[in-house]
Amino acid sequence: MKFTGRAHCFGDNIDTDAIIAARYLNTTNPDELASHLMEDISPGFVEKIHPGDILVAGKNFGCGSSREHAPVAIKAAGIPVVIAESFARIFYRNSINIGLPIIESADAAQAIREGDLVEVDLASGTISVGGRVFQAPPFPAFMQRIIQSGGLIEYVRREVKADA
Amino acid sequence: MTMAEKILAAHAGRDEVHPGDLIEARVDLVLMNDITGPLAFKEFDKIGVETVFDREKIALIPDHFVPNKDIKSAMQAKELREFARRHRILHYYEVGEAGIEHALLPEVGLTRPGELIVGADSHTTTYGAFGAFATGVGSTDAAAAMAIGKVWLKVPSSISFVLSGRPRRWVGGKDIILYIIGMIGVDGALYQAMEFSGDGIRNLTMADRMTISNMAIEAGGKAGLFPTDEVTFAYLKDRAKGPFQDIRPDEGAVYSETYEIDLAEIEPQVAFPHLPSNTRGISSVGEVPVDQVVIGSCTNGRIEDLRAAAEVLRGNRVNPNCRAIIIPATQEVYRQAISEGLVDVFLDARCVVSAPTCGPCLGGYMGILAEGERAVSTTNRNFVGRMGHPSSEIYLAGPAVAAASAVKGRLASPEEVCS
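Chains Y and L, in that order, give the protein sequences.
Note that our numbering numbers the first sequence so that position 128 is 123, with each residue one more than the last.
Note that our numbering numbers the second sequence so that position 83 is 75, with each residue one more than the last.
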């Protein structure tokens, strides 16, 4: 899976309340959630971005609540991958489970500037920007299978079918 | 092995596990609430199983936006109720019996030492107070766990916090965990289990331990575990639904880091906006006027917390420039607060006393903040916009500091109100 897009950069400790405010948790509709992405910390963000744009963040991205609505909102807004220095653990596993690709690379996250054109190759874990290439650690095989299945539910569905 | 390693090994059917191992583990309990349930049910229906793996190992608790905050929330609560009916879920608690999930589940005896509990709510870590490996997951994980009774996990390394001494007056579990988060940062325990030990533990009530474990997630922790002792057994004796075991780490268990903390050194803490790690001792807070005080939540809504607040509020009144909202975490706590005369103390002090709900903690309702307003709250997060307007500010504290701040109309120590 390869993605190329313009980078939108955020800092450290972007929490799930910032990604999608709790007042919108009375819906599970992905498009509705996407329309409120980053609303409180970056008003007008959704109007600014284009499908295919890439989110880049500092440390501990997605900290706070376990709400899966956060990666759902990001995915539904058309963002194909998130690059961060580090991810909070519940957000990390939620992203894998719903099939939102994420890459952890401190070097890449620190090097990318707002508006940079970034190319990500998920299979090899490489991030290219401005002629520089960064290497992220690959996912364990088990997680790669989940991502390739399109998420945990599809993965489990196939297992259950196989067992039946 | 550490406690985390022991519990995960047992649930993965292995003799031992090491940090970094990827395992598939049997779960003892899967928990969801009214905002995480609906998303989980959607995903569950895609899996293709007829029903849940075990109708007695699932808990569905309406607490975030109930009693229903608005039509959409009512629809979500209805979905929770209907799924519970359809799959004959034993542990569904209706509004009127229910309460905040992380206060209710221990009350009804569903959290036991050595168990593996996953919940679609980050504060599931609360049950670590009982020596359970309890961790927050998303709705999709919860859906899969409901279907197959298992979850994939990476075995975490563990950080040891050795507690000694006796806490000072007015210092409780909240101050201790805020102190720790202030020390290690909001990602200080990222991907790791926090494990508490030392002879200071016996000076902590189960409520203190639950508060501490509850906020393990605010340091990025995967779990926050206490070993069992007489205090744990006394709590479980009359409540636990089934037998329970002793659990503690092995001699020679390996930790990634060790911190030694003298509980007597800690003064009441306040976490300033906008991170739970932005802590200061109450003696260093300066002059900070406050518009609202919230005492409640899964962190500090238990009877012990209400007693601490009442001790400060008794004979005093909430400052005319301030509103105080007190939220017992469960119906049982509410009833006990009434019978102990605490609700009279609260009403005499000009406080609001609400039905159990998560409400204002996550900006739901029952006390939302306007532009520029400041709240002192016994809840667990103070990120931008958490309790209302993006320009509002939240100062996290324990119930005694929150109550004193309500009386003074500014951040205040309990010692300024009671001598």
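We put the CB at the ideal spot given by N, CA and C, even for glycine.
Where residue i sits in the DSSP three-state scheme
i         : result
His83/L   : strand
Pro66/Y   : helix
Val344/L  : strand
Arg402/L  : strand
Ala131/Y  : coil
Ser30/Y   : coil
Gln237/L  : coil
Tyr251/L  : strand
Asn25/L   : strand
Glu243/L  : coil
Thr(-1)/Y : strand
Phe40/Y   : helix
Val282/L  : coil
Leu20/Y   : coil
Asp205/L  : Reading the sequence as shown, one finds Ser at residue 205/L and not Asp. Ser205/L: helix per DSSP, three-state reduction.
Cys58/Y   : strand
Thr43/L   : coil
Cys4/Y    : strand
Asp200/L  : helix
Ser189/L  : strand
Ser289/L  : helix
Ala321/L  : coil
Asp20/L   : coil
Glu109/Y  : coil
Arg140/Y  : helix
Arg299/L  : helix
Ile15/Y   : coil
Phe264/L  : coil
Chain-order list of residues whose beta-carbon lies under 7 Å from that of residue i (same chain, five-residue window excluded)
i        : result
Asn308/L : Ala341, Val399 and Val409
Ile36/Y  : Ala13
Gly94/Y  : Ile142, Gly145 and Gly146
Pro11/L  : Val147, Pro148 and Ser149
Thr22/Y  : Leu28
Ile360/L : Pro352, Met379 and Gly380
Phe264/L : Asn270, Arg272 and Tyr387
Ala118/Y : Met(-4)
Whole-angstrom C-beta distance between residue j and residue i, which should lie under 8 Å
i         : j        : result
Pro281/L  : Ala392/L : Not a contact, Cβ separation roughly 19 Å.
Ala395/L  : Leu305/L : 5 Å
Met(-7)/L : Asp242/L : 6 Å
Phe57/L   : Gly356/L : 5 Å
Ala29/Y   : Cys58/Y  : At roughly 21 Å, the Cβ-Cβ gap does not stay under 8 Å, so Ala29/Y and Cys58/Y are not in contact.
Ala134/L  : Met67/L  : In fact, because the Cβ distance is near 19 Å, the residues do not count as touching under 8 Å.
Ile172/L  : Ala211/L : 7 Å
Leu145/L  : Ile15/L  : 6 Å
Ser152/L  : Thr28/L  : Contact doesn't hold; Cβ gap of about 31 Å is too wide.
Phe(-2)/Y : Val76/Y  : 5 Å
Gly123/L  : Phe45/L  : That pair is no contact at about 24 Å.
Same chain, Cβ closer than 6 Å to residue i, neighbours up to 5 away in sequence not counted
i        : result
Ala103/Y : Ile78, Ile122 and Phe129
Gly364/L : Ser383
His420/L : This structure gives no information on residue 420/L, because the portion of chain L shown stretches from -7 to 411.
Arg80/L  : Arg47
Gly101/L : Arg231, Ala232 and Lys233
Phe375/L : His266
Gly73/Y  : Pro46
Ala199/L : Arg294 and Glu296
Asp55/L  : Asn25, Ile92, Glu93 and Cys350
Leu72/L  : Asp26, Gly29, Leu52 and Pro54
Ala404/L : Ala396 and Ser397
Proximal residues to residue i (C-beta, below 8 Å), its chain only, five neighbours per side dropped
i        : result
Val285/L : Val310, Cys314, Arg315, Ala316, Ile317, Ala367, Val368, Ser369, Ala394, Ala395, Ser397 and Ala398
Val19/L  : His3, Lys49, Leu108, Ile109, Val110, Ala137, Gly141, Lys142 and Val143
Asp230/L : none
Ala256/L : Gly157, Arg158, Pro159 and Arg160
Check: residue i C-beta below 7 Å from any heavy atom of the ligand NAD
i       : result
Asn24/Y : Judged by which ligands are present, the structure shown has none, so any question about the ligand NAD falls away.
(Q) Would you call the stretch 102 to 119 of chain L in contact with the stretch -2 to 10 of chain L, where contact means no fewer than 3 C-beta pairs closer than 8 Å? (A) yes
Q: Inspect the CB distances between the stretch 48 to 66 of chain Y and the stretch 104 to 113 of chain Y and report whether three or more fall short of 8 Å.
A: yes
Q) At a cut of 8 Å, does the stretch 196 to 211 of chain L reach the stretch 162 to 175 of chain L through at least three beta carbon pairs? A) yes
Q.
Check whether the stretch 287 to 300 of chain L and the stretch 92 to 102 of chain L touch, using three or more Cβ-Cβ pairs below 8 Å as the test.
A. Yes, since at least three Cβ pairs between the stretch 287 to 300 of chain L and the stretch 92 to 102 of chain L fall closer than 8 Å, the two stretches touch.
**Q.** Any 3 or more C-beta pairs closer than 8 Å across the stretch 83 to 93 of chain Y and the stretch 52 to 70 of chain Y
**A.** yes
Q) Which runs of the beta strand (DSSP E) fall wholly inside the stretch 58 to 137 of chain L and span at least 3 residues, in chain order? A) 108 to 111 and 125 to 128
(Q) Closer than 8 Å is the cut-off here; do at least three beta carbon pairs connect the stretch 266 to 283 of chain L with the stretch 26 to 43 of chain L? (A) These segments do not touch.
(Q) For the structure I just gave you, are there three or more beta carbon pairs, one from the stretch 218 to 229 of chain L and one from the stretch 145 to 164 of chain L, closer than 8 Å? (A) no
Q. Is it a yes or a no for the stretch 350 to 357 of chain L touching the stretch 329 to 339 of chain L, going by three-plus beta-carbon pairs under 8 Å?
A. no
Q) Going along the chain, which unbroken runs of the beta strand (DSSP E) with 3 or more residues stay wholly within the stretch 361 to 398 of chain L? A) 366 to 369 and 385 to 388
Q | alpha helix (DSSP H) segments (min. 4 residues) lying fully within the stretch 144 to 191 of chain L | A | Runs of the alpha helix (DSSP H) inside the stretch 144 to 191 of chain L: 165 to 176.
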